[in-house]
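As you go down the protein sequences, you meet chains A and B in turn.
Counting from 12, one number per residue, gives the positions in the first sequence under the working numbering.
Counting from 19, one number per residue, gives the positions in the second sequence under the working numbering.
Each remark here refers to the structure printed beneath this line.
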Amino acid sequence: KAGVTQTPRYLIKTRGQQVTLSCSPISGHRSVSWYQQTPGQGLQFLFEYFSETQRNKGNFPGRFSGRQFSNSRSEMNVSTLELGDSALYLCASARDRGSNYGYTFGSGTRLTVV
Amino acid sequence: SQQGEEDPQALSIQEGENATMNCSYKTSINNLQWYRQNSGRGLVHLILIRSNEREKHSGRLRVTLDTSKKSSSLLITASRAADTASYFCATALMEYGNKLVFGAGTILRVKS
Numbered sequence: 012k013a014g015v016t017q018t019p020r021y022l023i024k025t026r027g028q029q030v031t032l033s034c035s036p037i038s039g040h041r042s043v044s045w046y047q048q049t050p051g052q053g054l055q056f057l058f059e060y061f062s063e064t065q066r067n068k069g070n071f072p073g074r075f076s077g078r079q080f081s082n083s084r085s086e087m088n089v090s091t092l093e094l095g096d097s098a099l100y101l102c103a104s105a106r107d108r109g110s111n112y113g114y115t116f117g118s119g120t121r122l123t124v125v
Numbered sequence: 019s020q021q022g023e024e025d026p027q028a029l030s031i032q033e034g035e036n037a038t039m040n041c042s043y044k045t046s047i048n049n050l051q052w053y054r055q056n057s058g059r060g061l062v063h064l065i066l067i068r069s070n071e072r073e074k075h076s077g078r079l080r081v082t083l084d085t086s087k088k089s090s091s092l093l094i095t096a097s098r099a100a101d102t103a104s105y106f107c108a109t110a111l112m113e114y115g116n117k118l119v120f121g122a123g124t125i126l127r128v129k130s
């Protein structure tokens, strides 16, 4: 079966712009989580969506937001981009809430803010 | 701040040798998971061990969990060049609805 698909793979944006990243989970998976990976901070949890509702949120400013659609696909949006938002953004899907079976990650979207 | 601390930060071994990576964490957990990442790509789930388990095997991987010491280890036996990657432990925290908190990772290099 198809894995977790993240689009686009690479993105270059200018400070102050906004960006939307997309994640299509594995078919049948209803939980989608987002993580940010940077060399300085490592992997940090952004938020988790399940049944179109945000269930959990990490310590990120309100410029970071997301949503989940009825087909479980998810998008995350970052507004007013800052240089420090340059990172690899990873999406992970799971069958249900909780991580008792592990998560399947996508290949990520590498965002560069210039 | 990150929940897990991994040790060593980097490890370089010869093909065929065993590699051991350690992870320590701070709070009570539901489970602990190990992931591999190749060259800044996505994470690949390797193995999950629940808080009531002490040891788990999967192929050449062996994971132990000591909840009294809040630590885990990942052993890769008979390593191969293809095992070269970054390895992360991630804890699913009870009080945070099972979100994953990752350690800083161990960079493993297997020389052929």
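C-beta atoms are modelled at their ideal positions from N, C-alpha and C, and glycine is treated no differently.
In this text, all values refer to a predicted model and were calculated from it rather than measured experimentally.
Query                                                                                                                                                                           : Result
For A/Tyr112 and B/Leu66, what's the separation of their Cα atoms in angstroms?                                                                                                 : 7 Å
Measuring CA to CA, which of B/Thr124, B/Asn48, B/Val128 is closest to B/Ser91?                                                                                                 : B/Thr124
Mapping DSSP to helix, strand and coil, what is A/Leu94?                                                                                                                        : helix
Helix, strand or coil: how does DSSP classify B/Val128 here?                                                                                                                    : strand
Excluding the five sequence neighbours on either side, which residues of its own chain have a C-beta within less than 7 Å of the C-beta of B/Ile94, listed in chain order?      : Asn36, Ala37, Arg78, Leu79, Asp101
Just to confirm, are B/Lys87 and A/Asn67 a CB contact at a threshold of 8 Å?                                                                                                    : no
Just curious, the beta strand (DSSP E) that A/Thr18 is in, first and last residue?                                                                                              : 16–18
Roughly how far, in whole angstroms, is the beta-carbon of A/Leu94 from the beta-carbon of A/Tyr46, given that I think they are within contact range, below 8 Å?                : Not confirmed; about 20 Å, so no contact.
Measuring straight from C-alpha to C-alpha, what distance separates A/Val30 and A/Gln55?                                                                                        : 19 Å
Run down chain B in chain order and give the residues with a C-beta less than 9 Å from the C-beta of A/Phe56.                                                                   : Tyr114, Lys117, Leu118, Val119, Phe120
Give the straight-line distance between the Cα atoms of B/Ala96 and B/Met39, rounded to the nearest whole angstrom.                                                             : 14 Å
How would you call B/Tyr53, buried or exposed, if buried means at least 16 neighbouring beta carbons within 10 angstroms?                                                       : buried
Give me, in chain order, the residues of the same chain whose beta-carbon lies closer than 8 Å to that of A/Gly39; leave out the 5 immediate sequence neighbours on both sides. : Arg106
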